[in-house]
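Structure first, commentary second.
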Amino acid sequence: MSHAIGNNKREYSLNLLLQDIGPNGSDMDWIVTPEQLELPSDDGRMLSNFHWIGHVTKLANSEGEAFFQGTLFGTIVRECVRCLQEFQDPMAIAIQGTFQHEHKKSVGPPRGRRMNEPMTLDELEDEWYPCDGIRLVFAPIFREHVILATPLQPLCTPECRGLCQDCGQNLNHGVCGCADKPAYSPHFANLQALADRIESSQPPVPRRSKSILRRR
Ligand SMILES: [Zn+2]
Ligand SMILES: [Zn+2]
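Residue numbering for the sequence shown follows our numbering, starting at 269 and increasing by one per position.
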């Protein structure tokens, strides 16, 4: 049975000492605070603490290398690009990877095998992360995956109607009436001014009815 490693003082910084990992691996049940994740402000802000549920196993025949997998749960508050309102974006990000000793960085992904079970093809293609052979540092990994999960164009809902271009009303809350007024566009206003100028520069068109009267 694997023993759980909780959020005690030692792991407060989202680090894990390799010596604390049991022979059958260790379960991780961690609280991840906004201070620990330090998200860039344009990637949204955490509504509250995140939750990481994972498992870590030391690699056989390795110098302090470990495989981990788990899921990071949490809600990010984002701003909708159409209506500019904040909305909550709940996320569950599955993350797995292998910590590899830093001095082996140049040789590519580790060839170590997980204790007790053969490595699958998926695991061989895992992300790998540097490790000093003493502690596993998770904060940058969590941060990277939360940033990667940020949509390029965050929308409160796919059907968001956005804001009225004229009065700024949030069209998700109802129509504003601007659509009923004649469409105004600076582009067409210029064309209209040009048309007026041409018209006024020409002599008035004689009224056909008058000329007919004169001829009679
Ligand atoms: Zn919106
Ligand atoms: Zn409007």
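Don't be surprised by glycine CBs; every beta carbon is placed ideally from N, CA and C. For clarity, every value in this text was computed on a predicted model and none was experimentally measured.
- Taking a contact as a CB-CB distance under 8 Å, the pair N317 and T301 counts as one, their CB atoms being some 5 Å apart.
- For C399, the shortest separation between its Cβ and any heavy atom of ligand 1 does not lie below 7 Å.
- The continuous alpha helix (DSSP H) containing L416 extends over residues A407 to L416.
- Counting along the chain, L340 sits inside the beta strand (DSSP E) bounded by residues A334 to E347.
- With at least 16 other beta carbons inside 10 angstroms of its own, Q368 counts as buried.
- Comparing alpha-carbon positions, the option among D288, S294 and I299 lying closest to A407 turns out to be I299.
- Rounded to whole angstroms, the separation of the alpha carbons of I321 and R403 is 18 Å.
- Nearest C-alpha to P358 among N438, V414, G290 and C435: V414.
- Contact annotation: L305 and I344 have beta-carbon atoms that are not nearer than 8 Å.
- One Cα belongs to Q364, the other to P308, and the distance between them is close to 23 Å.
- DSSP places P426 in the coil class of the three-state scheme, outside both helix and strand.
- Residues C351, C428 and R429 of the same chain have their beta carbon placed closer than 7 Å to that of N440, with the five preceding and five following residues left out of the count.
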